[in-house]
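Chemist: Quick one: the structure is below, questions incoming.
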Amino acid sequence: LKLKKTPPVLVLYDVTSSYFEGECNELSAYGYNRDKKSGKKQIVIGLLTDEEGEPLSVSVFKGNTADPSTLETQIDLLAKRFGITEVVMVGDRGMIKTKGKSLVHALKYKYITAITHAQTCTLMKEKLIQADLFDSTVCEVEQDGKRFILRKDEKTYKKEQYRRDDKIVRLKKLIKERNEFVLNSKSAEPLTGLKNLSKWVKNYKISSFVYLSLKDNIEIVMEIDEAAKKENALLDGCYVIETDVSKEAMDTQHVHDRYRDLQKVEKDFRTLKTGLLEIRPIFLKKGNRTRGHVFIAMLSLKLARELDRRLQSQYQTTNEDPHTITIQDAIAAFSRITVLNYRNKNEMIRMLPKPDKRQGEILKALKLHLTPPQQTK
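My numbering numbers the first residue of the sequence shown as 12 and each following residue consecutively.
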């Protein structure tokens, strides 16, 4: 409020997880592990920010809490603790589902989210949207008070096309290796190879257009249904954003851009977990200490964001200049500043060296000054 004068109208919300070293934390549980640490218990962390990614609050949940289940806490927090009466809640497709939308509507809030691939296919079957509506520029369709914003991302489209073709190339190689093994081994079972490779096809999600069979009960052959493959690729790079915000409040492009702002929360999570602040792994046992640990990490995140803003106001961003001064550079420069202690008879003299040119420039950019240490006897 001090910075913006008014409460945020649009808030971003997302969750992540952080794993433990140990088994005895009060909040830890096995769940969907985003850290790819199989066999590790975890907690779930929910971060609520304004539209610029500035943290408003952080919440800690048991490690087996589903993403949508955390949303009620955030809505209750906005309404009761923060007293905000007008909010547009932005969350991803796994966060704001049917129950979440009901909670949002109960407080007369609004939402912006995305729909799943299956839901998109349903809209196409209902003739509400067509494949040719997806383009690099946003397009909007409206139904029953809901607005659907359609877009096709060319980079994602090319990436998905490449991944599909790469899977086929890899499968051909596996088939060739298996067929050669069967020819050169009397004990090989051709049917076993077929079952294993069919499982591979299913796991890599190309079974809708790739079919495997045995030729002469020996050789595995692959058949590709080009029409089915084209159907499978129909929605490559396409996504649909859903909202109940009125057109008067937000136009189509604005709604799209606000949903994309969730990337700012993801950036905050990277800073918390790997980029600068090492919130993980957690070595605590008690629930209140775990919450305190996460809360201090959030305060550190706010401090890091402020330092970053001050550096960028003086220097360029890394996008403009990859060699610009970052927070990590500032910390490395300040690590060379060491308090010097001298003993003169019964008096201890403590001195702080004068910052060098680089340190002085960074201190000025951060609007900080060094206070000389007091002398002690």
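Here a beta-carbon is modelled for each residue, glycine too, at the ideal position from N, C-alpha and C.
(1) Which two residues bound the contiguous beta strand (DSSP E) that contains GLN141?
(2) Looking only at its own chain, which residues have a Cβ that is under 8 Å from the Cβ of ASN44, when we skip the five neighbours before and after it?
(3) Does DSSP put THR254 in a helix, in a strand, or in coil?
(4) For TYR120 versus LYS178, is the C-beta spacing smaller than 8 Å?
(5) Measure the alpha-carbon distance for ASN228 versus ALA199 and round it to whole angstroms.
(6) On the criterion of 16 or more Cβ atoms from any shown chain inside 10 Å, does GLU253 qualify as buried, or is it exposed?
(7) Classify GLU289 as helix, strand or coil using the three-state DSSP reduction.
(8) Is it right to say VAL232 is buried, meaning 16 or more other beta carbons lie within 10 angstroms of its own, or is it exposed?
(9) May I ask you to report which of helix, strand or coil DSSP gives VAL221?
(10) When we look at the beta-carbon of ARG291 and count the other beta-carbons within 10 Å, is it buried (16 or more) or exposed?
(11) Would you kindly report the start and end of the unbroken alpha helix (DSSP H) that includes LYS178?
(12) Using three-state DSSP, classify GLY74 as helix, strand or coil.
(13) Who does GLN53 pair with in a DSSP beta bridge?
(14) Considering only the alpha carbon of each residue, which of LYS73, ILE86, THR76 lies closest to LEU67?
(15) Judging by CA-CA distance, which residue of ILE56, ASP46, THR96 is the nearest neighbour of LEU38?
(16) State whether the stretch 119–136 contacts the stretch 236–251, with contact taken as three or more CB pairs (one from each stretch) at a distance under 8 Å.
(17) Pop quiz: LEU14 and VAL101 are said to be a contact at Cβ under 8 Å. What is the actual Cβ separation, rounded to whole angstroms?
(18) Run through the DSSP bridge pairs and tell me what ARG161 is partnered with.
(19) What's the call for ILE293, buried or exposed, on a 16-neighbour Cβ count within 10 Å?
(20) Specify whether the stretch 273–283 and the stretch 160–167 touch according to this definition: at least 3 beta carbon pairs, one from each stretch, less than 8 Å apart.
(21) Please state if the CB of GLN154 and the CB of LEU139 are separated by a distance shorter than 8 Å.
(22) Using a 10 Å radius around the Cβ and a threshold of 16 neighbouring Cβ atoms, would you call ILE123 buried or exposed?
(23) What does a CB cutoff of less than 6 Å around ASP268 pick up in its chain, not counting 5 residues either side in sequence?
(24) Restricting to runs no shorter than 3 residues, where is the beta strand (DSSP E) found entirely within the stretch 325–370?
(25) Let's see if you can read the secondary structure: which residues bound the beta strand (DSSP E) around ILE126?
(26) Using beta-carbon positions only, say whether SER70 and THR60 come within less than 8 Å of one another.
(27) Would GLN323 pass as a contact of ALA344 if the rule is Cβ separation under 8 Å?
(28) What distance in whole Å lies between the Cβ atoms of GLU62 and ASP272, which are believed to be in contact at a cut-off of 8 Å?
(29) Under the DSSP definition of a beta bridge, which residues are partnered with PRO66?
(30) Going by beta carbon distance, what residues of the same chain come within less than 8 Å of THR127, once the five residues before and after it are set aside?
(31) Between the beta-carbon of ALA125 and the beta-carbon of TYR270, is there less than 8 Å?
(32) Taking just the CA atoms, how far does ILE235 sit from LEU287?
(33) Is the beta carbon of ALA40 less than 8 Å from the beta carbon of LYS16?
(34) Spatial neighbours of GLU171 within its chain, please: CB distance less than 8 Å, with the 5 preceding and 5 following residues excluded, ordered by chain position.
(35) Determine the burial state of THR329: buried for a count of at least 16 other Cβ atoms within 10 Å of its Cβ, exposed for fewer.
(36) With H, G and I counted as helix, E and B as strand and the rest as coil, what does DSSP make of GLU237?
Modeler: Quick look at the numbers:
(1) On the sequence shown, residue 141 is found 130 positions in, with the first residue counted as 1. GLN141 -> no beta strand (DSSP E), and no H or E assigned at all.
(2) Counting from 1 along the sequence shown, the entry for residue 44 is found at position 33. Only SER28, TYR30, LYS51, GLN53 meet the Cβ criterion.
(3) Here the question's residue 254 lines up with position 243 in the sequence shown. Strand, per DSSP.
(4) Counted from its first residue, the sequence shown places residue 120 at position 109. Counted from its first residue, the sequence shown places residue 178 at position 167. Not closer than 8 Å, so no.
(5) As a first step, residue 228 must be located in the sequence shown, where it is residue number 217. As a first step, residue 199 must be located in the sequence shown, where it is residue number 188. C-alpha separation (whole angstroms): 12 Å.
(6) Position 242 of the sequence shown holds residue 253. Buried, because 16 or more other Cβ atoms sit within 10 Å of the Cβ of GLU253.
(7) Stepping through the sequence shown from its first residue, residue 289 is reached at position 278. Note: GLU289 maps to coil in three-state DSSP.
(8) Position 221 of the sequence shown, counting from 1, holds the residue named residue 232. Its Cβ having fewer than 16 others within 10 Å, VAL232 is exposed.
(9) As a position in the sequence shown, residue 221 is number 210, starting the count at 1. Strand at VAL221.
(10) By 1-based counting over the sequence shown, the position of residue 291 is 280. So ARG291 counts as buried.
(11) Along the sequence shown, one-based indexing puts residue 178 at 167. Counting along the chain, the alpha helix (DSSP H) containing LYS178 begins and ends at 165–195.
(12) Taking the sequence shown and counting its residues from 1, the one referred to as residue 74 is at position 63. Coil, per DSSP.
(13) In the sequence shown, counting from the first residue as 1, residue 53 sits at position 42. DSSP lists TYR30, ALA40 as partners of GLN53.
(14) The residue you call residue 67 lines up with position 56 of the sequence shown. For LEU67, the nearest C-alpha among the options comes from ILE86.
(15) For this step, residue 38 is matched to residue 27 along the sequence shown. When only C-alpha atoms are compared, the closest one is ILE56.
(16) Counting Cβ pairs under 8 Å, three or more are found: they touch.
(17) Numbered from its first residue, the sequence shown carries residue 14 at position 3. Numbered from its first residue, the sequence shown carries residue 101 at position 90. In fact, because the Cβ distance is near 20 Å, the residues do not count as touching under 8 Å.
(18) Residue numbering aside, residue 161 sits at position 150 when the sequence shown is read from its first letter. Checking the sequence, you will find Leu at residue 161 rather than Arg. According to DSSP, which records beta bridges pairwise, LEU161 is partnered with CYS150, VAL251.
(19) Counted from its first residue, the sequence shown places residue 293 at position 282. Buried, since its Cβ has 16 or more Cβ neighbours within 10 Å.
(20) Segments in contact, no.
(21) Here residue 139 refers to the residue found at position 128 when the sequence shown is read from its first residue. Here residue 154 refers to the residue found at position 143 when the sequence shown is read from its first residue. Yes, the Cβ-Cβ distance between LEU139 and GLN154 is below 8 Å.
(22) Counted from its first residue, the sequence shown places residue 123 at position 112. ILE123 is buried by the Cβ-count criterion.
(23) As a working mapping, residue 268 is identified with position 257 in the sequence shown. Excluding residues within five positions, none has a Cβ falling inside 6 Å.
(24) Listed in chain order, the complete beta strand (DSSP E) runs (minimum 3 residues) inside the stretch 325–370 are 351–355, 358–362.
(25) For the purposes of this step, residue 126 is taken as residue 115 along the sequence shown, with counting starting at 1. Going by DSSP, ILE126 is part of no beta strand (DSSP E) at all; its letter is neither H nor E.
(26) Sequence index remark: in the sequence shown, residue 70 carries index 59 (1-based). Sequence index remark: in the sequence shown, residue 60 carries index 49 (1-based). In this structure, the beta-carbon distance from SER70 to THR60 does not fall below 8 Å.
(27) Within the sequence shown, the letter at position 312 stands for residue 323. Within the sequence shown, the letter at position 333 stands for residue 344. The answer is no: Cβ separation not under 8 Å.
(28) To locate residue 272, count along the sequence shown from 1; it is residue 261. To locate residue 62, count along the sequence shown from 1; it is residue 51. The Cβ separation is near 6 Å, so the contact holds.
(29) By one-based count along the sequence shown, residue 66 stands at place 55. In DSSP, PRO66 forms a bridge with THR60.
(30) As a position in the sequence shown, residue 127 is number 116, starting the count at 1. Cβ neighbours of THR127 beyond the five flanking positions: ARG104.
(31) Walking along the sequence shown from the start, residue 125 turns up at place 114. Walking along the sequence shown from the start, residue 270 turns up at place 259. Contact flag set, yes.
(32) Position 276 of the sequence shown holds residue 287. Position 224 of the sequence shown holds residue 235. Rounded to whole angstroms, LEU287 to ILE235 spans 47 Å at the Cα level.
(33) As a position in the sequence shown, residue 40 is number 29, starting the count at 1. As a position in the sequence shown, residue 16 is number 5, starting the count at 1. In this structure, ALA40 keeps its C-beta atom at 8 Å or more from the C-beta atom of LYS16.
(34) Here residue 171 refers to the residue found at position 160 when the sequence shown is read from its first residue. The answer, listed in chain order, is ALA244, ASP247, GLY248.
(35) As a first step, residue 329 must be located in the sequence shown, where it is residue number 318. So THR329 ends up on the exposed side.
(36) Here residue 237 is taken as the residue at index 226 of the sequence shown, counted from 1. Note: GLU237 maps to helix in three-state DSSP.
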